[in-house]
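Report on the structure given below.
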Amino acid sequence: MAIDHDRLFKELIRTFFEEFLLLFFPDMHEHIDFHHLSFLSEELFTDVTAGEKYRVDLLVETKLKGEDGLIIVHVETQGYVQPSFAERMFLYFSRLYESYRTRIVPIAVFHYDSLREEPSVFSMEFPFGEVLQFRFFPVALRKKQWREYIRQDNPVAAALLSQMGYTEREKVELKKEFLRMLVRLELDEARQRLLLGFFETYVKLTEEEEQQLQSEVKAMETKEREKVLELIISYEQKGKKEGLEEGVKRGLAQGMKQGMEQGMKQGMKRLIQTMAQKGMTAAEIAQLVDLSEEEVRSLLSE
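FYI, the numbering for the sequence shown is -11 to 290, going by our numbering.
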């Protein structure tokens, strides 16, 4: 089953929008009045020339402190390379401005698997002068060093450790620090599971690595160790329960399918036997019931 990356990022940023801005744009966070915050419906734009449709990821209507007018924060997440992405951000900006006629803050979150240099400017100029220079605020996650964020009590930082610059050898330590952050945050179960689900979508440990993790957790100080282990066990039990429920559902569906197939087979067998009793040959029966002569004989011999 394909991972819906856009949905995962949208849910994370929507749930922790204020924390997202505080983490990556503290100056912007300082100016925004979070008492006036509403999430707008998705905007769908069609590229007439290419015939493609694009849906804006996240639109937030808010205010700046000390001002009456509304502003819109547009957050776009990008997980694949698109040479024309800066131009697309400009097109979003221009169409959003056309729709809302208010100031717009454009933000792009890049979550590529590898390090890349991405332009954050779309410009248009001629030998005789510049016509346009559009800028947006970029967040290049893979360029972030995860160790710089583990002391922050920020749920977005915890989840996005999974997208930052770490090596395969650091995966166990990365998850351990993520769990420690999660314990410190003391979130409700729903938000806790959102962060756990997000992190584990992108950071998957082998069985050996999981055993190493548990050994390192058991070596922690008593109070922290108990909380982290409780978190691991709780999440594992929840996963097993959900897996069991899914297995039961699949088992019921498979049972119903097998029952229907068995019933149809028994019905066909009785029909063939009745036709044979009336003197019809296997060849004649096969032609009428759309089976091979061998299948007809097999049913008659059961």
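Yeah, the Cβ is synthetic: ideal placement off N, Cα and C, and Gly gets one too. From a predicted model like this one, the values you see are computed outputs, not experimental measurements.
| Asked | Found |
| --- | --- |
| For Gln66, the residue or residues it bridges with in DSSP | Phe98 |
| Closest residue to Ala128 among Ser82, Pro143, Phe98 and Leu120 (Cα-Cα distance) | Phe98 |
| Reduced DSSP category for Ser108 - H, G, I as helix; E, B as strand; rest coil | coil |
| Element boundaries [alpha helix (DSSP H), containing Glu197] | Glu195 to Lys206 |
| Exposed unless 16 or more other CB atoms sit within 10 angstroms - verdict on Glu233 | Reliability of the predicted coordinates at Glu233 is poor, the pLDDT of 47 falling under 50, and no value is obtained from them. |
| Minimum C-alpha distance to Met169 - residue among Leu182, Thr194, Pro143 and His24 | Pro143 |
| Limits of the beta strand (DSSP E) - the one that Phe22 falls within | Ile20 to Phe27 |
| N- and C-terminal bounds of the beta strand (DSSP E) containing Val191 | First-last for Val191: undefined, no H or E at that position. |
| Of the listed residues Glu218, Leu148, Gln202 and Ala178, nearest to Tyr190 (C-alpha basis) | Leu148 |
| Where the beta strand (DSSP E) containing Pro115 begins and where it ends | Taken as a continuous stretch (DSSP letters only), Pro115 belongs to no beta strand (DSSP E), as it is neither H nor E. |
| Start-to-end residues for the beta strand (DSSP E) that takes in Pro126 | Phe125 to Ala128 |
| Per-residue DSSP class, three states only, for Val44 | coil |
| Unbroken alpha helix (DSSP H) run spanning Glu77, endpoints | Before going further, note that residue 77 is Met rather than Glu in the sequence given. Residues Phe73 to Tyr88. |
| Residues near Leu201 by beta carbon distance below 7 Å, same chain, minus five either side | Val160, Lys163, Lys164 and Leu193 |
| Span of the alpha helix (DSSP H), counted from its first residue to its last, around Glu272 | Ala270 to Val277 |
| Of the listed residues Ser82, Gly57, Gln265 and Val277, nearest to Met298 (C-alpha basis) | This structure does not reach residue 298, given that the chain is present from -11 up to 290, and the question cannot be answered. |
| Under the three-state DSSP convention, the category Phe4 falls into | coil |
| Contacting residues, own chain, Cβ-Cβ under 7 Å from Lys132 (five flanking each side not counted) | Met152 and Gly153 |
| Coil, strand or helix - Val36 by DSSP | Confidence at Val36 is low in this model, with a pLDDT of 45, below 50, so the placement of that residue should be treated as unreliable; the coordinate-derived value is given next. It is coil, neither helix nor strand. |
| Among Val109, Phe4 and Lys53, nearest to Pro71 - alpha-carbon criterion | Val109 |
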